[in-house]
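A.B. asks: Once you've had a glance at the structure underneath, I'll fire off some questions.
In this note's numbering, the protein residues as written are 1058 to 1432.
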């Protein structure tokens, strides 16, 4: 049976418009009663990346969280909102972007993921797969990502949002284990998705982010909400709407390798509004996006610095808060003569520093060949 991806046009965060669109998405996805029964424990997992204002489009919008909570609570289920943010704390980040007020309105607690449970070993390297106990013990997970570009992974969509179910600084350990291998990191992300199996993934693309996302990009109206029980299929449809081949996304390539979800658009049933009416043109991708070239190994090594992008501090924007030093899994960022510096020889290009910088002070330096070819 083909997985269903429901898409709806929604150009405003006005309460009525969002609630109408979300209700239709649940209906098109088979109905909320298909997943939730009275008394069940439901985890709402938004993107709470950082303590940023609503209008910065860094976190899932509170209007979307509110609409989903209404749908969940009317079934008689018990809901909590939870995350383990890359920067800050879940409650603080939720308060900053407006989700805290929504939670208070409905009497729903916001929890910080603190405890980890080993659920197996990763296929990539045999590392312990440790995930938040609070996520594993929930009877139902509803995954609420924000549609954003991502400096390391190109886009952060349904699958990537579940990385927030890795507790605290263990996320840095995952980056360290994967190193510069984006494919290895993508396979780890897909294994997280397969272990958690969210009942529904609903992506907030009313206003998303382009450029050097997920924390330092530019807010951009996309005018879309989309949902599916298959986050891989959802990500496949979103990539297509943005005019990119789904296979450009490393998590989609990884999912196809272990049959974690549907990666073929031809085998996905799209319901709701037409894809043609919701195309997202002229998306500005991160400057760190790699070029996928089948170069011989020796030539790739010689030209590495020419077609590679690295983070580069902007001393005019940086106030030496040192968040990036703590966030760096390789510990290659240091202070020299009252300015930040990076050992690029050891940098694994995870761009955690750029993702978490609250001032947008971590820019991207492109090699000369990459810069010329991406013009």
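Think of the CB as a built atom: it goes at the ideal place given N, C-alpha and C, for glycine as much as any other residue. All figures in this text were calculated on a predicted structure; none of them were measured in a lab.
Rounded to whole angstroms, what is the Cα-Cα separation between residue 1069 and residue 1300?
C.D. replies: Taking the chain shown and counting its residues from 1, the one referred to as residue 1069 is at position 12. Taking the chain shown and counting its residues from 1, the one referred to as residue 1300 is at position 243. So the alpha carbons of these two residues sit roughly 23 Å apart.
A.B. asks: In chain order, which alpha helix (DSSP H) runs of at least 4 residues are fully inside the segment 1258-1328?
C.D. replies: Runs of the alpha helix (DSSP H) inside the segment 1258-1328: 1288-1298, 1307-1315.
A.B. asks: Relative to the C-alpha of residue 1317, which candidate in 1195, 1369, 1248, 1065 has its C-alpha closest?
C.D. replies: Locating residue 1317 in the chain shown gives position 260, where the first residue counts as 1. Closest option to residue 1317, Cα to Cα, is 1248.
A.B. asks: Using the DSSP secondary-structure output, state which residues sit across from residue 1212 in a beta bridge.
C.D. replies: In the chain shown, the residue the question calls residue 1212 occupies position 155. Note: residue 1212 sits in a beta bridge opposite 1206.
A.B. asks: Under 8 Å Cβ to Cβ from residue 1167, same chain only, skipping five residues before and after it: list those, please.
C.D. replies: The sequence position of residue 1167 within the chain shown is 110, counting from 1. So the list reads 1137, 1138, 1139, 1147, 1148, 1151, 1156, 1157, 1160, once near-sequence residues are dropped.
A.B. asks: For residue 1082 versus residue 1065, is the C-beta distance shorter than 8 Å?
C.D. replies: Here residue 1082 refers to the residue found at position 25 when the chain shown is read from its first residue. Here residue 1065 refers to the residue found at position 8 when the chain shown is read from its first residue. Going by C-beta atoms, residue 1082 is nearer than 8 Å to residue 1065.
A.B. asks: Quick one: Cα of residue 1331 to Cα of residue 1111, how far?
C.D. replies: Position 274 of the chain shown, counting from 1, holds the residue named residue 1331. Position 54 of the chain shown, counting from 1, holds the residue named residue 1111. Straight-line Cα distance between these residues: approximately 29 Å.
A.B. asks: Taking 8 Å as the cut-off, decide whether the C-beta atoms of residue 1404 and residue 1389 are in contact.
C.D. replies: Walking along the chain shown from the start, residue 1404 turns up at place 347. Walking along the chain shown from the start, residue 1389 turns up at place 332. Yes.
A.B. asks: Quick check on this structure: which residue in 1121, 1175, 1193, 1367 has the alpha carbon closest to the alpha carbon of residue 1099?
C.D. replies: For the purposes of this step, residue 1099 is taken as the residue at position 42 of the chain shown. Among 1121, 1175, 1193, 1367, the Cα nearest to that of residue 1099 is on 1193.
A.B. asks: On the CB-based measure, 16 or more other CB atoms within 10 Å of its CB, does residue 1191 come out buried or exposed?
C.D. replies: In the chain shown, counting from the first residue as 1, residue 1191 sits at position 134. So residue 1191 counts as buried.
A.B. asks: How would you call residue 1177, buried or exposed, if buried means at least 16 neighbouring beta carbons within 10 angstroms?
C.D. replies: Residue numbering aside, residue 1177 sits at position 120 when the chain shown is read from its first letter. Looking at its Cβ environment, which holds fewer than 16 other Cβ atoms inside 10 Å, residue 1177 is exposed.
A.B. asks: Helix, strand or coil for residue 1077, going by three-state DSSP, please let me know.
C.D. replies: To locate residue 1077, count along the chain shown from 1; it is residue 20. DSSP places residue 1077 in helix when its eight states are reduced to three.
A.B. asks: Have a look at 1153, 1200, 1229 and flag the residue whose alpha-carbon is nearest the alpha-carbon of residue 1242.
C.D. replies: Stepping through the chain shown from its first residue, residue 1242 is reached at position 185. For the residues 1153, 1200, 1229, the minimum Cα distance to residue 1242 belongs to 1229.
A.B. asks: Within its chain, find whatever has a CB closer than 8 Å to the CB of residue 1322; leave out the 5 residues flanking it on each side and keep chain order.
C.D. replies: Looking up residue 1322 in the chain shown gives position 265. Here the set comprises 1293, 1294, 1297, 1303.
A.B. asks: For residue 1373, count neighbouring Cβ atoms within 10 angstroms of its own Cβ and tell me buried if that reaches 16, exposed if not.
C.D. replies: Here residue 1373 refers to the residue found at position 316 of the chain shown. Under this definition residue 1373 is an exposed residue.
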